[in-house]
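All letters in the sequence shown, in the order written, are residues 825 to 1015 by the numbering used here.
Right, one structure below, let's go through it.
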Amino acid sequence: MQLQESEIASNELLHSLKQRDRWACFNADKEPIDPASGRAVDVLKTQEHHMSYQEAQLAYADHEAPEGVGFAMGLDDELVLIDLDDCLDNELRFTNDASKDIFTTVNSYTEVSVGGHGLHILASGYNLESEYGHAKNFPVELFDGQKFFTFTGRHIKSPHDVQERASELATIHRRYSPWVSYKEWLRQKDR
C-alpha cells in the first residue's frame, strides 16, 4: 500500500491543537528550544516557552536555530501519539504489515515524521494507564502523557484533525501487546 500526501495546506490541519498555546520550536535533535538563543528548554514542566501556533511559526521563520515547530502534549489533553518508526520506504509504501494495520485501524490525523520514513498518528479517547508504551517486538511507541512531538505538516490522506478513537486504540493496544518500558525495550533489543 502506497500512501498519498494530501494537498491540504498545513494551516488547514489540526485545528483542535492549533487553538491551544502549547507550541514551541525544536532543534535538529527534535528537542524544544528557545528560538532566539537556540538553547534547549523544558516545555513539559513549565509553560514559559509555550506559544500559539502562529507565534511558533513566526519564531521558526525569524530565527536560524529552529528546525521546525512542535506541540507539547499534557496529561489533560486526552491525546494519544502513535509513533511508528522506519515504517515507510522512499515512495511512502509500508515496510511492514503491522504499521499498515495500525494506520488503517486508527484512521485519525497522520503525518510523515521529520526523518521521512516514519509516521505520527494522533487520536484521542483512550488511556494507556501509563504515559508511555513500547511494543516488545515491534518499533511502535504510544504516548498519552507529557510528550513533545514535532509537527511536519506532511499530512497523509487521513482525517484533517484528531479523531476520537477509543475502541480502535484499545484494539491496537491489545493486538500489539506485550508493552514494555522504553528502558526495558532497549535492554532486550541489545541482547
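Positions of the beta carbon are idealized from the N, C-alpha and C atoms, including for glycine.
Under DSSP, phenylalanine 895 takes part in a beta bridge, and its partners are Trp847, Phe973.
The DSSP-derived three-state label of glutamine 871 is coil. In terms of Cα proximity to glutamine 970, the closest of Ser982, Pro983, Asn951 is Asn951.
Bridge pairing for serine 948: Leu903, Glu988 [DSSP]. Between proline 963 and aspartate 913, the CB-CB gap reaches or exceeds 7 Å. Going by beta carbons, glutamate 902 and serine 840 fall outside the 7 Å limit. Of the candidates Leu943, Gly894, Ala860, Val938, the residue whose Cα lies closest to the Cα of aspartate 925 is Leu943. In the structure shown, the three-state DSSP call for glutamine 828 is coil.
With respect to the 7 Å criterion, leucine 946 and leucine 905 are classified as neighbours on the basis of their beta carbons.
Where phenylalanine 918 is concerned, there is no enclosing beta strand (DSSP E), because DSSP gives it neither an H nor an E.
Note: isoleucine 857 is bridge-paired with Cys849, Ala864 in the DSSP secondary-structure output. Across the set Asp900, Val865, Met825, the C-alpha of Val865 shows the shortest separation from the C-alpha of glycine 894. The C-beta of threonine 934 has 16 or more other C-beta atoms within 10 Å across all chains shown, which makes the residue buried. Of His979, His984, Glu888, Thr919, the smallest CA-CA separation from valine 938 is found for His979. If you draw a 10 Å sphere on the C-beta of serine 1001, you find fewer than 16 other C-beta atoms in it, and that means exposed. Secondary structure of leucine 943 (DSSP, three-state): strand. Per DSSP, tyrosine 884 is not a residue of any beta strand (DSSP E); the alpha helix (DSSP H) it occupies stretches across 877-886. Here methionine 875 is buried, its C-beta having at least 16 other C-beta atoms within 10 Å.
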